[in-house]
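Structure, as structure tokens:
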Amino acid sequence: MSDSKVVDARDTFCPGPLMELITHMKQAEVGETIELLSTDEGSGNDVPEWVNKVGHELINSEKIDGVWHITIRKAK
Amino acid sequence: MRILIVGGGTGGTILANNLARRLSSEIRGRKVKITMLSASDKHMYQPGLLYVAFGQMTPDQLYRDQQSLLEPGVDFYVDPVAEFQLDHNKVVTKSGKTCEYDMLVIATGSRIVPEQIPGMTEGADTFYSEAGAVKMFKRLREIEEGTIAIAVGVPHKCPIAPVELVFSLHDYFTAKGIRDKVKIKYHYPIGRIHTIANVATWAKPEFDRMGIEYETLFNVKEVDPENKVVRSEEGTETEYDMLIAIPPHAGMEVIENSNLGTGGWIPTDRHRLTMEGYDNVYVLGDTTNLPVSKTGSAAHFEAEVVAENIASIIKIGIPVKDYDGKVYCFIETGHDSATHAMFDYKNPPDLKPSSKPMHWFKMAYNQMYWSSVRGLL
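Those protein sequence lines, which keep their order, are chains F and P.
Quick note on numbering that gives the first Met the number 0: the first sequence kicks off at 0 and runs consecutively.
Quick note on numbering that gives the first Met the number 0: the second sequence kicks off at 0 and runs consecutively.
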């Protein structure tokens with residue numbers, strides 16, 4: 000995932016990790032990947048939920064040392 | 000030492016006044032010069048736009064002359080920057096002047112870009128501009144029945160405003176005696192009704208009490224003004240009689256044109272508030288790419304940190320303070336009650352029950368802002 004753009008949304012409550020991800024996904028080109036870093040416990044569920052509903056591609060989701068690393072490819 | 004502040008909004012103005020006081024002897028001794036460049040000779044209290052949209056304030060009440068808000072030690076010019084040349088420590092202004100600096104603060108703010116969503120400019124009302132707020136109030140007065148849809152673009156300034164809008168609409172139509180004839184449907188981009196979990200948890204029973212319909216995971220894809228339909232990226236749609244949009248925002252064009260940051264947002268160190276790669280360039284408020292609310296409150300607290308650090312660098316050679324992500328928000332919960340929230344990078348907001356005194360305090364703050372922006376509060 001070395002080519003992914005990293006969005007560091009650790010330790011943020013507002014606008015929050017998913018809102019940060021949506022902002023960066025809007026700026027990305029189709030096919031680009033973004034790795035979201037989040038310390039929000041809910042990101043493990045709500046980010047994949049949005050990615051699936053909107054139709055992007057979830058590449059990877061794992062929690063390492065209390066930080067969610069979630070990689071998404073923009074599909075449309 | 001030449002300090003150049005670009006932008007005369009909340010962050011730039013508080014910073015300029017704070018610095019002018021901290022460095023008053025250096026300014027008198029001509030060792031420090033503070034210059035501010037802004038796009039306007041007027042300063043707007045932007046939170047007041049919500050009141051304009053409900054006929055509670057008129058636009059003229061939102062403005063003061065920018066010069067009147069500044070300490071005498073600040074040289075103020077209405078001449079916005081057209082190009083930043085950071086590698087040469089200078090900017091070129093719209094009038095063609097070149098301005099060199101030793102320390103630069105960029106506080107150019109953000110702008111609404113409804114044109115990024117097809118049909119939004121034509122099909123939606125908004126209170127995120129003066130003209131829009133006045134137009135929205137005129138439209139609200141005409142409504143006798145039907146569906147008012149609320150759609151939220153990303154990113155947007157003042158993340159609490161969509162929730163405040165819902166409370167205000169409910170109170171407005173209740174006072175008119177037609178609340179039972181007006182359906183209010185709220186759409187929000189993520190999987191709960193506000194991005195802050197505690198606010199969402201607090202607001203949900205309030206929405207239920209008021210009979211607000213809501214749909215989450217709704218990112219606005221397009222507005223169809225002819226058929227009065229708003230559609231989402233997620234594949235759903237809502238018919239409306241009046242659509243109120245929180246438009247998506249972008250940074251200022253000069254930021255992108257000078258290649259300082261994608262979308263007009265400048266990569267910024269979240270604690271030092273310096274621009275990445277430039278130790279003598281600070282960034283404030285909406286202009287940063289920080290995962291912090293785009294609010295006057297964030298700009299205010301950031302400005303105090305930057306002012307203290309620039310002054311200490313001049314006096315003792317090093318900065319003394321880190322920004323901790325602090326934000327404080329009033330939350331209007333209708334036309335006669337409010338609550339508030341404070342949070343930082345480490346501590347989520349802990350919402351208190353809404354009350355009338357907090358609303359009165361917010362009303363008072365609407366006037367106290369002018370003391371705040373002068374750096375007196």
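Where is the CB? At the ideal position from N, CA and C, for every residue including glycine.
Closer than 9 Å at the beta carbon, the chain F residues around P:N218: In the second sequence, residue 218 of chain P corresponds to position 219, counting from 1. What P:N218 touches in chain F: I21, K25, W49 and V53.
Residue range of the alpha helix (DSSP H) that includes P:F136: Position 137 of the second sequence, counting from 1, holds the residue named residue 136 of chain P. Note, P:F136: alpha helix (DSSP H), E129 to E141.
Distance, P:A81 Cα to F:E28 Cα: Stepping through the first sequence from its first residue, residue 28 of chain F is reached at position 29. Stepping through the second sequence from its first residue, residue 81 of chain P is reached at position 82. Looking at the two C-alpha atoms, the distance is approximately 28 Å.
Give a yes or no on whether the minimum CB-CB distance between P:K355 and chain F is below 8 Å. Against the second sequence, residue 355 of chain P aligns to sequence position 356. For P:K355, the answer is no, since every Cβ of chain F falls outside 8 Å of its Cβ.
Alpha carbons only, please: which of P:I330, P:P356 and P:P352 is nearest the one belonging to P:V162? If you number the second sequence from 1, residue 162 of chain P lands on position 163. It is P:I330 whose Cα lies nearest to the Cα of P:V162.
Hey, F:G15 and P:I195 are a contact pair by Cβ (cut 8 Å); roughly how many whole angstroms apart? Position 16 of the first sequence, counted from the start, is the residue given in the question as residue 15 of chain F. Position 196 of the second sequence, counted from the start, is the residue given in the question as residue 195 of chain P. With 8 Å as the limit, F:G15 and P:I195 qualify as a contact, their Cβ atoms being about 7 Å apart.
Would you please state the rounded distance, in angstroms, between the beta carbons of P:P154 and P:P247? I believe it to be under 8 Å. Here residue 154 of chain P is taken as the residue at index 155 of the second sequence, counted from 1. Here residue 247 of chain P is taken as the residue at index 248 of the second sequence, counted from 1. Between P:P247 and P:P154 the Cβ distance is about 7 Å, and since that is below 8 Å, they are a contact.
Hey, how far is the Cα of P:L85 from the Cα of P:H42? Stepping through the second sequence from its first residue, residue 85 of chain P is reached at position 86. Stepping through the second sequence from its first residue, residue 42 of chain P is reached at position 43. Cα to Cα, P:L85 sits roughly 27 Å from P:H42.
Measuring alpha carbon to alpha carbon, tell me which residue in F:W49, F:K75 and F:G43 is nearest F:K62. Taking the first sequence and counting its residues from 1, one reaches residue 62 of chain F at position 63. Ranking the options by Cα distance to F:K62, first place goes to F:G43.
Give the residues of chain P in contact with F:T11, contact being defined as C-beta atoms less than 8 Å apart. The count along the first sequence starts at 1 and reaches residue 11 of chain F at position 12. Those are P290, V291, G324 and Y344, listed as they occur along chain P.
With distance defined between alpha-carbon atoms, name the residue in F:G54, F:C13 and F:N59 nearest to F:E34. The count along the first sequence starts at 1 and reaches residue 34 of chain F at position 35. Closest by alpha carbon: F:N59.
Using the Cα positions of F:V5 and P:K175, report the straight-line distance between them to the nearest angstrom. For the purposes of this step, residue 5 of chain F is taken as residue 6 along the first sequence, with counting starting at 1. For the purposes of this step, residue 175 of chain P is taken as residue 176 along the second sequence, with counting starting at 1. Taking the straight line joining both Cα atoms gives about 50 Å.
Please decide whether P:G10 counts as near chain F, where near means a Cβ-Cβ distance under 8 Å. Locating residue 10 of chain P in the second sequence gives position 11, where the first residue counts as 1. No, no contact with chain F.
Candidates P:M119, P:G8 and P:R20, of which the one nearest P:S311 by Cα: To locate residue 311 of chain P, count along the second sequence from 1; it is residue 312. Nearest C-alpha to P:S311: P:R20.
Go ahead and label P:S292 buried or exposed: buried means 16 or more other beta carbons lie within 10 angstroms of its beta carbon, across all protein chains shown. Locating residue 292 of chain P in the second sequence gives position 293, counting from the first residue. Classification for P:S292: buried.
Among the residues of its own chain, which have a CB less than 7 Å from the CB of P:V282, if the five just before and after it don't count? If you number the second sequence from 1, residue 282 of chain P lands on position 283. Only residues of its own chain outside the window of five on either side were considered, and among them I105, I265, T267, L272 and M274 have a CB closer than 7 Å to the CB of P:V282, listed in chain order.
Collapsed DSSP secondary structure at P:N88 in the structure displayed: Residue 88 of chain P sits at position 89 when you count from the first residue of the second sequence. DSSP, read as helix, strand or coil, puts P:N88 in coil.
What whole-angstrom Cβ distance do P:R138 and P:D124 have, given they're in contact under 8 Å? In the second sequence, residue 138 of chain P corresponds to position 139, counting from 1. In the second sequence, residue 124 of chain P corresponds to position 125, counting from 1. Yes, P:R138 and P:D124 are in contact; Cβ-Cβ is about 6 Å, under 8 Å.
What did DSSP end up calling P:F360 once you bin it into helix, strand or coil? In the second sequence, the residue the question calls residue 360 of chain P occupies position 361. Helix at P:F360.
Inter-residue spacing [alpha-carbon to alpha-carbon] between F:M0 and F:L17: Indexing the first sequence from 1 puts residue 0 of chain F at position 1. Indexing the first sequence from 1 puts residue 17 of chain F at position 18. Caution applies to F:M0, whose pLDDT of 44 falls short of 50 and renders its modelled position unreliable; the value that the coordinates give is listed next. Looking at the two C-alpha atoms, the distance is approximately 20 Å.
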